[in-house]
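Be aware that the sequence shown starts at -9, since it is given in the working numbering, and climbs by one per residue.
Right, one structure below, let's go through it.
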Amino acid sequence: MAEVEVVATYELFNINRKKFERLMHRVFEPARLEISIPDRFGNPVEPREWFQVPLFVIDQGIEKFREGSRDDFVYDPSKGLLIER
-9 MAEVEVVATY
1 ELFNINRKKF
11 ERLMHRVFEP
21 ARLEISIPDR
31 FGNPVEPREW
41 FQVPLFVIDQ
51 GIEKFREGSR
61 DDFVYDPSKG
71 LLIER
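This is the structure in structure tokens:
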């Protein structure tokens, strides 16, 4: 596997991690990177967890989640901001 650089970590408590992950995917779906990469056998792989989002916007999304916002915002790539649904 390729190396990664960890640029941020977050601590969240008393959450359902699967629901949280689904929420983050819904929020940042408009910025999902559409790319196909060959695996070690040459088979195409399309990562579904790669998003082109500025770190400060991810920070804002995490903070909104902590404050209780759940499905009322989405990332708008053309504006580079979280907006209300």
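Glycine is no exception: its CB is placed at the ideal position from the N, C-alpha and C atoms.
This one's a predicted model, so the numbers in the text were calculated from it and none came from an experiment.
{"Query": "How about the segment 15 to 25 and the segment 57 to 64: do they share at least three Cβ pairs that are nearer than 8 Å?", "Result": "yes"}
{"Query": "Roughly how many whole angstroms lie between the Cα atoms of E1 and G58?", "Result": "15 Å"}
{"Query": "Report the partner residues of I25 according to the DSSP bridge assignment.", "Result": "Paired residue(s): none; I25 is not in a bridge."}
{"Query": "Hey, Q42 and L23 are a contact pair by Cβ (cut 8 Å); roughly how many whole angstroms apart?", "Result": "6 Å"}
{"Query": "Going by other Cβ atoms of all chains shown within 10 Å of its Cβ, with 16 needed for buried, is G32 buried or exposed?", "Result": "exposed"}
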